[in-house]
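There are 2 protein chains.
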Amino acid sequence: MATARHGGRDRVPPHPDVREVGLQQVLEALVDPVRRRIVTELHAAGADLSCGTIELPVGKSTATHHFHVLREAGLIRQYYVGTSRMNALRREEFDAVFPGLLDVVVGEPHRD
Amino acid sequence: MATARHGGRDRVPPHPDVREVGLQQVLEALVDPVRRRIVTELHAAGADLSCGTIELPVGKSTATHHFHVLREAGLIRQYYVGTSRMNALRREEFDAVFPGLLDVVVGEPHRD
DNA sequence: CCGAAAGTACGATCACTGTCAAACTTCTAT
DNA sequence: ATAGAAGTTTGACAGTGATCGTACTTTCGG
Numbered sequence: 001m002a003t004a005r006h007g008g009r010d011r012v013p014p015h016p017d018v019r020e021v022g023l024q025q026v027l028e029a030l031v032d033p034v035r036r037r038i039v040t041e042l043h044a045a046g047a048d049l050s051c052g053t054i055e056l057p058v059g060k061s062t063a064t065h066h067f068h069v070l071r072e073a074g075l076i077r078q079y080y081v082g083t084s085r086m087n088a089l090r091r092e093e094f095d096a097v098f099p100g101l102l103d104v105v106v107g108e109p110h111r112d
Numbered sequence: 001m002a003t004a005r006h007g008g009r010d011r012v013p014p015h016p017d018v019r020e021v022g023l024q025q026v027l028e029a030l031v032d033p034v035r036r037r038i039v040t041e042l043h044a045a046g047a048d049l050s051c052g053t054i055e056l057p058v059g060k061s062t063a064t065h066h067f068h069v070l071r072e073a074g075l076i077r078q079y080y081v082g083t084s085r086m087n088a089l090r091r092e093e094f095d096a097v098f099p100g101l102l103d104v105v106v107g108e109p110h111r112d
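Protein chains in written order, with the UniProt record's numbering: chain A, 1 to 112; chain B, 1 to 112.
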């Protein structure tokens, strides 16, 4: 598993333990359509995706903000590959704490 | 059966069909702690409660607003008994459309 | 008929949050 | 070394929504 081994400081952002995230924070994260879209795309892809891979109707800086919120809410894990930041849905961990919630989110018929 | 039968107009507010309420609207309703508290209390009581019965940390007019939002989101049904407005959790109808969601909400450890 | 009780309606604040543009940081490729 | 790609950071700005107080409506009790 190994954290970054080369000279620079980690560029690994902090990730909370999902059990320490409150329902309030989770709902605040999921109430935004852009963020739900990110979650839905990660689920549909069934694989980790870089930020740029996910098409969003907002600028780069706003996208960064949304990924940040999702990470803080324990919904995604982020790690670098080169200059790209990859995003992984923390499906199992999340389901263990909030069972059924993600199912509702990703199960909803898509509407833009 | 039987709508109000006396002279005045109904004081029965409009209730949406839950199937026509979107996930966005539902999440916007549930993201507010005061509204989640209302839902939780109705669930815990296992019975319909008047607005005044539910203790909330906000003024009357604000409370009215929150009940309105919950009603529009298909989460509660409201009807009058005298001057009191009763509130009923639309548990079954809601679960049929968003299974698991209310479980997460009412299952969360209480925190004020 | 009068007053109290229970909510509702209406404006006015106020704080928060999503948004963008511009400047900056890291890493990769040439 | 230079340039470019991919994100991040940092303000600034605007829209939304929760909140309150006051006035209003409806219903019930005496």
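Built from N, CA and C at the ideal position, the CB exists for glycine as well.
All of these numbers come straight from a predicted model, not from anything done at the bench.
For residue i, does the count of other Cβ atoms within 10 angstroms reach 16, so buried, or fall short, so exposed?
| i | result |
| --- | --- |
| H68 (chain A) | exposed |
| A29 (chain B) | buried |
| D112 (chain A) | Annotation note: pLDDT 42 at D112 (chain A) (below 50); position unreliable, coordinate value reported separately. So D112 (chain A) ends up on the exposed side. |
| V39 (chain B) | buried |
Compute the Euclidean distance between the alpha carbons of residue i and residue j, then round it to the nearest angstrom.
| i | j | result |
| --- | --- | --- |
| P14 (chain A) | L70 (chain A) | 12 angstroms |
| M86 (chain B) | G74 (chain B) | 15 angstroms |
| G100 (chain B) | P99 (chain A) | 7 angstroms |
| T83 (chain B) | V31 (chain B) | 29 angstroms |
| E41 (chain A) | S50 (chain B) | 42 angstroms |
| G107 (chain B) | G59 (chain B) | 26 angstroms |
| R35 (chain B) | L89 (chain B) | 12 angstroms |
| G52 (chain A) | G52 (chain B) | 50 angstroms |
| F94 (chain B) | D48 (chain B) | 16 angstroms |
| I76 (chain A) | R91 (chain B) | 30 angstroms |
| L23 (chain B) | I54 (chain A) | 21 angstroms |
| H43 (chain B) | Q25 (chain A) | 22 angstroms |
| R37 (chain A) | H65 (chain A) | 14 angstroms |
Using a Cβ cut-off of 7 angstroms, pull out every chain A residue sitting near residue i, in sequence order please.
| i | result |
| --- | --- |
| D95 (chain B) | Within chain A, no residue comes near D95 (chain B); the closest Cβ sits about 10 angstroms away, beyond 7 angstroms. |
Within the present structure, is the beta-carbon of residue i separated from the nearest heavy atom of the ligand SAM by less than 7 angstroms?
| i | result |
| --- | --- |
| V12 (chain B) | Annotation note on the ligand SAM: not contained in the displayed structure, which lists no ligands. |
With a cut-off of 8 angstroms on the beta carbons, I'd call residue i and residue j a contact; round off their distance for me.
| i | j | result |
| --- | --- | --- |
| V18 (chain B) | V97 (chain B) | 5 angstroms |
| V21 (chain B) | Y79 (chain B) | Not really, about 19 angstroms apart at Cβ, beyond 8 angstroms. |
| L27 (chain A) | L27 (chain B) | 6 angstroms |
| A63 (chain B) | L56 (chain B) | 5 angstroms |
| P16 (chain A) | E72 (chain A) | 7 angstroms |
Along chain B, which residues have their Cβ under 9 angstroms away from the Cβ of residue i?
| i | result |
| --- | --- |
| E28 (chain A) | V31 |
| V58 (chain A) | Near V58 (chain A) there are no residues of chain B at all, since even the closest Cβ is about 17 angstroms away, more than 9 angstroms. |
Just the chain B side, please: which residues come within less than 7 angstroms of residue i by C-beta, in chain order?
| i | result |
| --- | --- |
| E108 (chain A) | L23 |
| D103 (chain A) | G100 |
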